[in-house]
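Protein chains in written order, with the numbering used here: chain A, 742 to 1322; chain B, 48 to 100.
Rendered as structure tokens:
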């Protein structure tokens, strides 16, 4: 990077950290630290919800997916508005009005301590390890792009989040998220502008999109009902509803965002921001990938977007084969460019038959280029021993560093880093909240002063921050372990949703029923994932349904909930009806 | 149905009836707007796909 880009990066990072740290003055008690004294405006809470999901993996991976696979991935989000509506009328008022700090706290009021503690533990395990995944992916990419050691980029991403989260609490996290969102959206528009301006003279957005469409990148809808395909209209509108209900309704990293709103009505409004804008935002991110594809159809593009991978292959025994492949690629690339130019000319003349022929030609030439790139990636995998190597995550960083003007490149690199930082900050804050509220205050020290819990909360955030740094530093070595734990995490997402469905919708459900149901659900998902080809989105449906069915059956044969639990349940529902009516 | 819901807001009615009435009551215009916006988005995406295919 140019020194000016480094300057932009340093100034923006310093500003974000300083702005977060100064929030300390508003954080005088535990409610301020964990819930921002419930005074965050709905729009800021809503943007924070969106920023927490928009991790660096989205900025790097989703744009790359748009480049390689087109707009198909947007179907994944079709169920999100429906999930937000369901949560707005069910769990949001329930959590908000019962005055809880964590979603799991409610489970003890409704069921028992073991159900609360076990679901909290599952959250700590899955989120704790996902911090590693959130850091690892961008850290690896940025270390290769900058030529810095992995440790340095991992710490560069993680440390700012640790500092401002530890000092400023959830308020620092949320206001930083707002700035991050603004920076990311600006960055995406800037990159789209650069990609469009980089098209040959006389060509505009529609020409670029037509070229991308001919190469299959503009197909959105897939109506096939195929349980093994994760990205179809049906998995997006049906199965994804379960995933999003679970993520936004039972995952503390999301629940905590809307618990900071000023009222239950504002908490709902903050969720509905995602309901309105998540699909357009995701479409924008994918469109960026599609337009970068159009850009690289007319401008020179490397066969593989990772220079380090190319260097490694060049130094291996496969160097000769790779060089021959590169020659083949350059010819195929040139022919594809000619086919794309032919298509644009055919469009200009308005001859449908010529346009149809040109489209078919471009599709065939693009398949050729894709096939050669596939062989090149296989050569990299063989030469480097990295069995999962794929250059999808390097496309956008490469575009930023090679095509953006000095200054803007720095801005965009900061946007990617902050996308990771804001996700980590949100996770650290929620991990600390669950550690303190659901474990320390529940089991170790039920009675204590506000100042004491605030100190413990800061220490917990710092410890989780250290853990995040450690996982990040050793991310490369822990790669397979992180993958295993994240896979394990996907086993209980739907199952936890099932527990909350029992808690909220089945008055007769007992703590034992929910607890046994949770294990049954996790077992069913593990079995489905191991022995059937069913795509992961449907695992959430399996988990939730099994928990509810088994939970209801067990509740019938086990004694009812003790009186105290019943009354707590009744009180919570009473609160809902009083406050939300 | 709406009459029944209004009745549930003012008079005592219990159990499932009250619960369902409560949900529908909260499904106010905001939620209809969200659903409407979703359908508009799906329609625009369909148009975008067809325009370039």
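Even glycine gets a Cβ: it sits at the ideal position worked out from N, Cα and C.
ask   = If we call anything under 7 Å between Cβ atoms a contact, is residue 1283/A one with residue 1298/A?
value = Counted from its first residue, the first chain places residue 1283/A at position 542. Counted from its first residue, the first chain places residue 1298/A at position 557. Contact: no.
request  = Can you say whether residue 918/A is buried or exposed, counting buried as having 16 or more other CB atoms within 10 angstroms of its CB?
outcome  = In the first chain, the residue the question calls residue 918/A occupies position 177. Residue 918/A comes out buried.
message = My assumption, with CB atoms under 8 Å, is that residue 1144/A sits in contact with residue 943/A. Please give the rounded CB distance.
response = Position 403 of the first chain holds residue 1144/A. Position 202 of the first chain holds residue 943/A. About 19 Å; that fails the 8 Å criterion.
ask   = My guess is that residue 1125/A and residue 1066/A are in contact by the Cβ rule of under 8 Å, so how many angstroms apart are they, rounded?
value = Walking along the first chain from the start, residue 1125/A turns up at place 384. Walking along the first chain from the start, residue 1066/A turns up at place 325. Between residue 1066/A and residue 1125/A the Cβ distance is about 15 Å, and since that is not below 8 Å, they are no contact.
key: Within 7 Å, strictly: CB atoms of residue 958/A and residue 761/A   = Taking the first chain and counting its residues from 1, one reaches residue 958/A at position 217. Taking the first chain and counting its residues from 1, one reaches residue 761/A at position 20. No, these two residues do not count as a Cβ contact at 7 Å.
key: Integer-rounded CB distance, given that residue 1045/A should sit under 8 Å from residue 801/A   = Taking the first residue of the first chain as 1, we reach residue 801/A at position 60. Taking the first residue of the first chain as 1, we reach residue 1045/A at position 304. Between residue 1045/A and residue 801/A the Cβ distance is about 16 Å, and since that is not below 8 Å, they are no contact.
ask   = What is the DSSP secondary structure of residue 1324/A, counted as helix, strand or coil?
value = Since the first residue of chain A shown is 742 and the last is 1322, residue 1324/A is not available in this structure.
query = Using a beta-carbon distance below 7 Å, is residue 86/B in contact with chain A?
reply = For the purposes of this step, residue 86/B is identified with residue 39 of the second chain, where counting begins at 1. Not closer than 7 Å to any Cβ of chain A, the Cβ of residue 86/B fails to qualify, so no.
task = Could you work out which residue in 1164/A, 967/A, 907/A, 1252/A is closest to residue 993/A when comparing CA atoms only?
result = Translated into the one-based positions of the first chain, residue 993/A becomes position 252. Closest option to residue 993/A, Cα to Cα, is 1164/A.
ask   = Does any residue of chain B bring its CB to less than 7 Å from the CB of residue 1250/A?
value = To locate residue 1250/A, count along the first chain from 1; it is residue 509. Residue 1250/A does not count as touching chain B.
request  = Could you tell me the distance, in whole angstroms, from the CA atom of residue 1339/A to the CA atom of residue 830/A?
outcome  = No statement about residue 1339/A is possible, as the shown extent of chain A runs from 742 to 1322 and does not include it.
ask   = Contact check, residue 847/A vs residue 839/A under 8 Å by CB: the rounded distance?
value = Within the first chain, residue 847/A is the residue found at index 106, counting from 1. Within the first chain, residue 839/A is the residue found at index 98, counting from 1. Right, their Cβ atoms sit about 6 Å apart.
message = According to DSSP, simplified to helix, strand and coil, what is residue 1173/A?
response = Taking the first chain and counting its residues from 1, the one referred to as residue 1173/A is at position 432. Residue 1173/A: helix per DSSP, three-state reduction.
ask   = Going along the region 930-954 of chain A in order, which residues come within less than 9 Å of chain B, judged by CB to CB distance?
value = 947, 950, 951, 953, 954
ask   = CA-CA distance, residue 818/A and residue 1058/A?
value = The residue given as residue 818/A occupies position 77 in the first chain. The residue given as residue 1058/A occupies position 317 in the first chain. Their backbone Cα atoms lie some 44 Å apart in a straight line.
query = Apart from the five residues just before and just after residue 905/A, which ones in its own chain have a Cβ nearer than 6 Å to its Cβ?
reply = On the first chain, residue 905/A is found 164 positions in, with the first residue counted as 1. Correct list, in chain order: 758, 761, 762, 913.
task = Taking only beta-carbon positions, decide if residue 1020/A is within less than 7 Å of chain B.
result = Residue numbering aside, residue 1020/A sits at position 279 when the first chain is read from its first letter. Answer yes: the Cβ-Cβ gap between residue 1020/A and chain B drops below 7 Å somewhere.
Rounded C-alpha distance that separates residue 1109/A from residue 1146/A = Your numbering for residue 1109/A matches position 368 in the first chain. Your numbering for residue 1146/A matches position 405 in the first chain. Their Cα atoms are separated by approximately 32 Å.
message = Here's the rule: buried if 16 or more other CB atoms are within 10 angstroms of the residue's CB, otherwise exposed. What is residue 890/A?
response = As a working mapping, residue 890/A is identified with position 149 in the first chain. Residue 890/A comes out exposed.
request  = Just list the alpha helix (DSSP H) runs in the region 838-903 of chain A, keeping only unbroken ones of 4 residues or longer that don't cross its boundaries, in chain order.
outcome  = 844-851, 854-887
key: Per-residue DSSP class, three states only, for residue 1314/A   = Taking the first chain and counting its residues from 1, the one referred to as residue 1314/A is at position 573. At residue 1314/A the pLDDT is 38, less than 50, meaning the model places this residue with poor confidence; the figure from the coordinates comes in the next sentence. Helix at residue 1314/A.
task = Whole angstroms is fine: what's the gap from residue 1194/A's alpha carbon to residue 1007/A's?
result = Start at 1 with the first residue of the first chain, and residue 1194/A comes out as number 453. Start at 1 with the first residue of the first chain, and residue 1007/A comes out as number 266. Cα-Cα distance, rounded: 27 Å.
key: Three-state secondary structure (DSSP) of residue 1059/A   = For the purposes of this step, residue 1059/A is taken as the residue at position 318 of the first chain. Coil.
request  = Hey, could you find the ends of the alpha helix (DSSP H) residue 101/B is sitting in?
outcome  = Absent from the model: residue 101/B. The displayed extent of chain B is 48 to 100, so no value can be given.
ask   = Span of the alpha helix (DSSP H) holding residue 746/A?
value = On the first chain, residue 746/A is found 5 positions in, with the first residue counted as 1. 744-762 is the extent of the alpha helix (DSSP H) around residue 746/A.
message = Cutting at 8 Å between CB atoms, please list the residues of its own chain near residue 780/A, excluding the five before and the five after it.
response = To locate residue 780/A, count along the first chain from 1; it is residue 39. Contacts found: 1001, 1003.
ask   = So which residues on chain B does residue 962/A lean against when the C-beta distance must stay under 7 Å?
value = Residue numbering aside, residue 962/A sits at position 221 when the first chain is read from its first letter. 93, 96, listed in chain order.
key: residue 5/B, buried or exposed, once every other Cβ within 10 Å from all chains shown has been counted against 16   = No answer is possible for residue 5/B: the residues shown for chain B start at 48 and end at 100.
inquiry  = Strictly by DSSP, which residues pair up with residue 1080/A?
reply    = Numbered from 1 along the first chain, position 339 holds the residue referred to as residue 1080/A. Its beta-bridge partners do not exist; DSSP assigns none.
query = What residue from 1288/A, 1300/A, 1150/A, 1276/A has the CA that sits closest to residue 969/A's CA?
reply = Start at 1 with the first residue of the first chain, and residue 969/A comes out as number 228. It is 1276/A whose Cα lies nearest to the Cα of residue 969/A.
query = Can you tell me whether DSSP reads residue 1276/A as helix, strand or coil?
reply = Start at 1 with the first residue of the first chain, and residue 1276/A comes out as number 535. If DSSP states are grouped into helix, strand and coil, residue 1276/A belongs with coil.
key: DSSP state of residue 1002/A mapped onto helix, strand, coil   = Sequence index remark: in the first chain, residue 1002/A carries index 261 (1-based). The answer is strand: DSSP assigns residue 1002/A an E or B state.
query = What residues in its chain sit with their C-beta under 6 Å from that of residue 980/A, if we drop five residues either side in the sequence?
reply = Reading the first chain from its first residue, position 239 is the one you call residue 980/A. So the qualifying residues of the chain are 1278, 1279, 1282.
request  = For the region 771-786 of chain A and the region 1186-1203 of chain A, state whether three or more C-beta atom pairs, one from each stretch, are separated by less than 8 Å.
outcome  = yes
key: Nearest to residue 825/A (by Cα), restricted to the options 1142/A, 974/A, 927/A, 989/A   = Here residue 825/A corresponds to residue number 84 of the first chain, with the count starting at 1. Out of 1142/A, 974/A, 927/A, 989/A, 989/A has the C-alpha closest to the C-alpha of residue 825/A.
request  = With distances taken Cα to Cα, identify the nearest neighbour of residue 751/A among 967/A, 789/A, 898/A.
outcome  = For the purposes of this step, residue 751/A is taken as residue 10 along the first chain, with counting starting at 1. Here the closest residue by C-alpha is 898/A.
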